[in-house]
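Protein chains in written order, with this note's numbering: chain A, 4 to 323; chain B, 147 to 455; chain C, 23 to 347.
Inspection log for the structure reproduced underneath, given as C-alpha cells.
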Amino acid sequence: MPEKQPMTNQITDTEAGTSLWKDAWLRMRKNKIALASIMVFTVTCFFCFVIAWFCKDPNQVNLVNKFSGPGSEHWIGTDALGRDLFSRILYGGQVSILVGLIATAVSVTIGIIYGALAGFFGGKVDAIMMRIVDTLFSIPFLMIVIVLQAVLSEWSRETSAWIVNNLNWDKGFTDRITNVLPLFFALGLLGWLTLARIVRAQVLSLKEREFVEAATSLGLSKLTVLFRHIIPNTLGPTVIYATLTVPGFIMYEATLSYLGLGVESPNSSWGILIKEGANYLETNPQLLIFPGIIFSITLFALNFLGDGLRDALDVRASKD
Amino acid sequence: MIRFIINRLLQGLLVLFALYTITFFLAKAMPGEPFTTEKNISEEAKAYQRALYGLDKSMLEQYLRYPINIVTEGSFAVSTSKGRPVRDIIAQSFPNSLILGLSALGIAICIGVPLGVISAMRKNSWVDWGSMSIAMIGICVPAFTVGPLLQIYIAAHLPGLKVAGWGSPIDIILPALTLGLTTAAYLARLTRGGMLEILSQDFIRTARAKGVPSNKLITRHALRGGLLPAIAFIGPSFAALISGSFIVETIFQVPGMGQHFVNAVIARDEFLLLGVALFFGFLIVIMNLAADILTGILDPRVRLDSNQK
Amino acid sequence: MPLLEVNNLRTYFHTRNGIVRAVDGVSFSVEKGKTIGIVGESGSGKSVSCYSLLGLLPMPPGRIESGEAIFDRNTDLLSCGEKVLRTVRGKRIGMIFQDPMTSLNPYMRIADQIIEPLRLHMGMDKGSALKKAIHALDEVGIPEPDNRITMYPHEFSGGMRQRVMIAMALITNPEILIADEPTTALDVTIQKQILDLIKKRQKELGTAVIFITHDLAVISEICEDVNIMYAGRIIERASATELFANPRHAYTRSLLKSIPANQTKGEKLYTIPGLPPDTSQIIPGCAFRERNQIGDQSKCLTDSRPEFKEIEPNHWAQDCPGCLS
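Now the structure itself:
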C-alpha cells in the first residue's frame with residue numbers, strides 16, 4: 004500500500020497540470036499577437052544562437068572599411084571600427100537574451116523558495132519574511148545592482164585569471180563567460196521580491212484547499228506536500244510573471260551596459276551597440292537604428308507574450 | 147493621520163538603515179582603492195589620506211560613525227574623489243535632479259493618466275488599441291534610444307532647444323520628456339486596468355440605473371477608484387525615474403545627482419556613494435508616503451490611523 | 023392600457039462561442055401600483071430582460087434583437103435612445119440590485135449618492151436635496167439618518183445598505199421599481215424585513231414593482247402576478263394564488279415540488295435533474311423536455327417550440343402536451 008500512494012498522487016497531479024496548460028494553450032492559439040510574439044522571439048533566438056556561428060567575427064576590426072553602408076560584404080554595414088554590424092547585433096543579442104533568461108531563472112528560483120516557505124510556515128515566520136521583502140522593496144533596485152555588479156565583476160576577473168592560469172582554458176572564451184556571470188546574479192539576486200509575494204499569496208490560499216488536506220492525511224510530510232503538491236500549483240502566475248520579467252532584465256542589462264557598468268569587450272550587448280550607435284547618430288543613424296529596432300522588437304514580443312499568457316491563464320497577478 | 151505619518155516615517159527610517167547597511171558593506175567589498183586617481187602617491191601619503199578620511203578605523207567603527215555623524219553634525223563626510231563635502235555636492239546637484247524628476251513625473255501623469263482613461267472608456271476600439279500600442283512602445287524603447295533621437299531630430303531643428311546643457315528653463319523639456327515617457331507608458335496601462343476594473347463593478351451599474359450621464363459616470367463615480375493603482379505606483383515610479391535619471395543626465399549633460407552616483411561607483415568613492423544613495427532612498431520614502439496619504443484620502447476604506455495596509 | 027407593456031423582447035449576446043439567446047421572445051405587462059414577479063433559475067434570462075428595458079446591458083456583446091417596451095403609452099424604451107432613456111432611468115423607473123455590498127459606490131459618501139437622482143432629475147439644490155434624502159433614509163428605517171448620511175457604505179451592514187438602495191431608488195417617487203433579487207444576498211431574518219419594507223413603501227407611494235427572484239417563497243409573499251421563466255422564455259403566467267394552487271406546466275410543478283417545505287419529512291429531497299439547456303444552441307422543441315420527470319417526457323414537442331397561450335382564463339402557459347397537466 005504505502006508504495007502505491009505516491010504514484011496515485013502523481014497521476015492526479017499531471018492530469019490537473021495538462022488540463023490547465025492545454026486549456027491555456029487553446030486560448031493562446033486564438034491570441035494572434037501572442038502567437039506572433041512567440042514566432043518573433045523564436046526567430047530572434049535562432050538568429051542569435053544558431054545563425055551567429057556562421058557569421059563574420061564580430062570583433063574583426065577593419066579601419067579601412069569603417070562606416071560602410073549596407074552591401075553584399077556587410078549586410079547592414081560596419082561600425083566606427085569597421086566591424087560587421089550584423090554579426091555584432093547577433094552576438095550582442097546572445098548576451099542580452101541570456102542575461103534576461105538566466106537572471107529570470109535565478110530570481111524565479113529564489114522567489115519561489117522564499118515565497119513558498121513564508122506562505123507555508125505562516126504566522127511569525129511569514130510576518131518577518133514578508134517584512135524583509137517590504138523593506139527591500141523600497142530600496143532603489145538599480146542602485147544596488149550597480150554597486151553589486153561592481154563588486155561581482157572584480158571577483159569574476161579574478162576567477163577568470165585563476166581559470167586561465169590553472170586550468171589552461173582559452174583566455175578569450177573564459178573572459179566572455181566570466182564577464183557576463185556577475186550580471187546574471189546581480190540582477191537575479193535582487194529581482195525576486197515580487198515573485199516571492201505572488202507565490203506566498205498563492206501558497207497561503209492553496210494551503211487551505213482540500214487536496215492539500217488529502218495529501219497530508221495520506222501521511223506525506225509537510226515539506227513533501229509543499230514541494231510536490233503546492234508549488235506545482237503556483238506555476239501559472241509564476242510563468243506569467245517570469246515572462247514579464249525577462250524583458251525587464253534585458254532592459255536593465257542594457258541600462259547598465261550603457262552606463263559602462265555592464266558587460267565589457269570582447270563581449271557586447273544590445274545596450275552597448277545602442278550606446279556606440281548614439282555617438283554617430285548624426286552621420287550614421289543606422290548604427291543606432293538597427294540595434295535599437297531589434298532590441299525594442301524583442302522586448303515587444305516578450306511583453307505581448309506575457310500579456311497573452313496572463314489572458315490565457317486568466318490569473319490576476321496578485322497585487323500586494 | 148499624524149500617527150500614520152509618524153509610523154510610516156519610522157518604517158522609512160528602517161528602510162534607509164537597511165539601504166545604508168547594504169550599500170556600506172557592498173562599498174567595502176568593492177575592489178580597488180579610492181585614491182588611485184592620483185598617480186604614484188607614496189604609501190605614506192596614502193596612509194595619511196586614509197587616516198584623514200577615517201578609513202583606517204575598524205569596520206564596525208566606520209559603520210557606526212557615518213550615521214552618527216549625519217545625525218549629530220549633519221555631515222555626510224567628504225568625497226574622496228572630489229575632495230569636497232558630500233553635503234555640498236548633493237546640495238548643488240539635488241535641485242537639478244528634483245526639477246528634472248518632478249517635471250518628468252508631471253509629464254508622465256499628464257500623458258499617461260488621460261491616455262489610460264480614454265482607453266478604458268473606449269475599450270477595444272481603435273483609440274484603445276492605438277494608445278496601448280503607444281504605451282507598449284514607451285515601455286520597450288529605452289531612454290537611451292529616445293534621448294539621442296530627440297537630440298538629433300528635434301533639438302537640432304527647433305530654435306530655442308539645445309542638444310544638451312542645463313542653463314535656461316527650456317532646457318528641462320527634452321530630458322524630462324525622455325525620462326517621463328516610460329513612466330507615462332506604465333501609468334497609462336495601470337490607469338486603463340484600474341478604470342476597467344472599476345467600470346465593471348456593480349456600483350457603476352447602479353449609477354447608470356440612476357440616470358447618471360456617461361461623462362459624470364467617469365468623473366464622479368469611476369475616476370476616484372480607477373486612479374488608485376496608478377497612485378500606488380507613484381512611489382515605485384519615482385524610484386524608476388531616479389534610475390532613468392542616471393542615463394538621461396548623461397545624455398543631456400544635466401548636472402544632477404545621478405551622474406555622481408555612477409561616478410562614485412567608478413571612482414570607488416564610498417562616501418559620495420553612501421550620501422547619494424541615502425538621499426535617493428529618502429526621496430523614495432517620501433514619495434511612497436505621499437502616495438499612501440493620497441490613497442487614504444481617495445479610498446475611504448483605507449484607514450490611515452491604523453498601521454494596517 | 024398598462025403602465026409598461028413589453029412585447030416580444032429578444033436580447034442576444036454575441037460572444038466568441040456563438041450567439042447566446044438570453045431572452046428569446048418575452049412579453050409581459052405591468053399595471054400601475056401592482057407587483058409582478060419574474061421567477062427562474064440563474065441563466066433563465068430574468069435579469070437580462072429587465073436590464074434590457076433600461077439599457078443597462080453591456081453592449082457589445084449584448085444586443086436587443088427585437089421587441090418593444092411601451093412605457094406610459096408613448097415611450098418605447100427599447101428604441102427611444104440613450105438621452106430619453108436617461109430621463110426615465112432613476113426618475114420614473116428605479117432599480118435595486120442583488121448585492122448591496124457591491125452596489126453602492128465605496129468611494130462616495132451615502133449623502134452624495136442618494137441625492138444624485140434628485141440633483142440630476144429634479145434640479146434640486148444641494149440643501150433641499152439633502153433634507154429630502156435624510157427624510158428618505160428615515161422612512162426606510164435607518165436610525166439617526168442625519169448622522170449616518172455622511173458616512174461611507176463600508177460603515178453600513180448589508181441589510182442597511184439595501185435599505186439605502188431602496189431609499190435611493192424610490193427618492194424620486196418612480197412609477198416602477200425593478201427589484202433584481204433584492205433579498206438573495208441577505209440573511210434570512212433581514213430578508214423578511216426588506217420584503218416588508220418594499221411592500222410598505224409600495225403601498226405608501228403607489229409604485230408598481232417588478233420583482234425578480236429564484237425564490238418561490240418570496241414570490242408568494244409579495245407578488246400579485248407571477249411569470250415563470252425558463253431558457254429565455256416565459257413558460258407560465260398566472261396570479262400568485264392561482265399559480266400556487268393550480269400549477270400547470272411541468273417546470274412550475276417541479277419547482278414547487280423542490281421546495282423543501284412542500285416535501286415529506288425523512289424522504290429524499292426532490293431536485294430537478296440536469297441543467298438548464300445551453301441557449302447558445304437553437305432549441306427546436308420543448309426546452310424542458312430533457313429534465314421533465316413530472317410530466318410525460320415522451321409527449322414533449324421535439325420539432326416546434328410550444329406556443330404560449332391562455333389555457334384557462336387568466337392562466338397562460340406554454341402549450342406542450344408533455345408538460346401540461
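Just so you know, even glycine gets a beta-carbon here, dropped at the ideal spot from N, CA and C.
Short of 7 Å in beta carbon distance, which residues of its chain neighbour residue i, apart from the five on each side in sequence? Order them along the chain.
i	result
C:Pro167	Ile156, Leu159, Asp160
C:Arg111	Leu76
B:Ser243	Ser391, Gly402, Met403, Gly404
B:Leu327	Gly284, Val292
Who are the near neighbours of residue i in its chain, counting only those whose CB is closer than 6 Å to its CB and skipping five residues on each side?
i	result
A:Asn12	Reliability fails at A:Asn12, whose pLDDT of 39 lies under 50, so the model's placement of it is uncertain and the value that follows must be treated cautiously. Cβ within range, chain order: n/a, list empty.
B:Pro241	none
B:Leu251	none
A:Ile14	Confidence in A:Ile14 is poor, its pLDDT being 40 and thus under 50, which makes the residue's placement too unreliable to answer from.
B:Leu419	Ala173, Ala410
Could you name the residues of chain A that residue i contacts, counting a contact when the two beta carbons are closer than 8 Å?
i	result
B:Ser391	The contacting residues do not exist; B:Ser391 stays about 10 Å from chain A at best.
B:Met282	Phe303, Asn306, Phe307
B:Gly306	Under the 8 Å cutoff, chain A gives no residues; its nearest Cβ is about 20 Å from B:Gly306.
By alpha-carbon positions, which one of the options ends up nearest to residue i?
i	options	result
C:Cys245	C:Leu217, C:Ile257, C:Arg255	C:Leu217
B:Phe379	B:Gly276, B:Gly357, B:Ile393, B:Leu333	B:Leu333
B:Leu373	B:Arg354, B:Ser314, B:Ser346, B:Met341	B:Met341
B:Arg154	B:Ile393, B:Gly339, B:Asp438, B:Val309	B:Asp438
C:Leu78	C:Ser64, C:Gly103, C:Gln224, C:Met182	C:Gly103
B:Ile148	B:Leu327, B:Val400, B:Gly442	B:Gly442
A:Ile41	A:Arg231, A:Phe307, A:Ala218, A:Arg313	A:Phe307
A:Val206	A:Thr286, A:Phe176, A:Ile115, A:Leu170	A:Ile115
B:Val408	A:Thr246, A:Leu151, A:Asn282	A:Leu151
B:Ala302	B:Asp317, B:Pro288, B:Glu219, B:Cys256	B:Asp317
B:Leu172	A:Ala189, A:Thr246, A:Leu305, A:Ile300	A:Ala189
C:Tyr174	C:Ile136, C:Val162, C:Pro306	C:Ile136
C:Asp121	C:Gly181, C:Ala230, C:Pro82, C:Met130	C:Gly181
B:Lys269	C:Gly145, C:Leu199, C:Ser326, C:Pro80	C:Pro80
C:Phe93	C:Lys148, C:Ser66, C:Leu26	C:Leu26
A:Trp195	A:Val183, A:Phe252, A:Thr162	A:Phe252
B:Ile168	A:Gln97, A:Ile147, A:Leu101, A:Val154	A:Ile147
Give the residues of chain B in contact with residue i, contact being defined as C-beta atoms less than 8 Å apart.
i	result
C:Asn284	In chain order: nothing, as chain B lies at least about 33 Å away.
A:Glu157	Met176, Pro177, Gly178
In chain A, which residues lie with their C-beta within 7 Å of the C-beta of residue i?
i	result
B:Phe294	According to the sequence shown, residue 294 of chain B is Pro rather than Phe. The answer, in chain order, is Ala281, Leu284, Leu291.
B:Ile285	Asn306
What first and last residue would you give for the alpha helix (DSSP H) that runs through residue i?
i	result
C:Ile58	Per DSSP, C:Ile58 belongs to no alpha helix (DSSP H); it is in the beta strand (DSSP E), 57 to 61.
A:Val242	238 to 261
C:Arg275	272 to 279
C:Lys225	210 to 227
A:Met146	144 to 170
C:Met190	180 to 192
A:Thr177	174 to 191
Note down, in chain order, every chain B residue with its Cβ under 7 Å from the Cβ of residue i.
i	result
A:Ala153	Met176, Val411
C:Leu76	Ala355
Give the interface partners of residue i over in chain B, defined as CB-CB distance under 9 Å, in chain order.
i	result
A:Lys278	Phe290
Is any heavy atom in the ligand SAH found nearer than 6 Å to the beta carbon of residue i?
i	result
A:Ile296	For the structure depicted, the ligand SAH is absent and the ligand set is empty, with no information on it obtainable.
By Cβ distance, which residues of its chain are closer than 8 Å to residue i, with the 5 residues on each side in sequence left out?
i	result
C:Leu100	Leu31, Ser74, Leu75, Ile86, Gly89, Glu90, Ala91
By the criterion of Cβ-Cβ separation under 8 Å, what are the contact partners of residue i in chain C?
i	result
B:Asp445	Pro128, Tyr129
B:Asp348	Phe119, Asp121, Thr124, Ser125
Please report the residue range of the beta strand (DSSP E) in which residue i lies.
i	result
C:Thr37	26 to 37
A:Glu279	Counting along the chain, A:Glu279 falls outside any beta strand (DSSP E), though it belongs to the alpha helix (DSSP H) covering 273 to 282.
C:Ser49	40 to 52
C:Asp202	198 to 202
C:Asp247	247 to 252
Distance cutoff 7 Å, beta carbons only. Does residue i sit that close to anything in chain E?
i	result
A:Glu267	This model lacks chain E altogether, as its protein chains are A, B and C.
So residue i contacts chain A; which residues on that side make the cut at Cβ distance below 9 Å?
i	result
B:Leu387	Those do not exist, as B:Leu387 stays about 10 Å from chain A at its closest Cβ, beyond 9 Å.
| task | Report yes or no: do three or more beta-carbon pairs, one from the segment 202 to 211 of chain C and one from the segment 425 to 442 of chain B, lie closer than 8 Å? | result | No: the two stretches stay apart, fewer than three of their Cβ pairs being nearer than 8 Å.
| field | Touch test, the segment 257 to 275 of chain A against the segment 64 to 84 of chain A, Cβ-Cβ under 8 Å, three pairs minimum | value | Contact between the segment 257 to 275 of chain A and the segment 64 to 84 of chain A is absent, because fewer than three Cβ pairs lie under 8 Å.
| Validate contact between the segment 264 to 277 of chain C and the segment 323 to 337 of chain C using beta carbons, cut 8 Å, 3 pairs | Touching, per the Cβ criterion.
| the segment 169 to 183 of chain A contacting the segment 265 to 282 of chain A, beta-carbon criterion three pairs below 8 Å | A contact exists between the segment 169 to 183 of chain A and the segment 265 to 282 of chain A.
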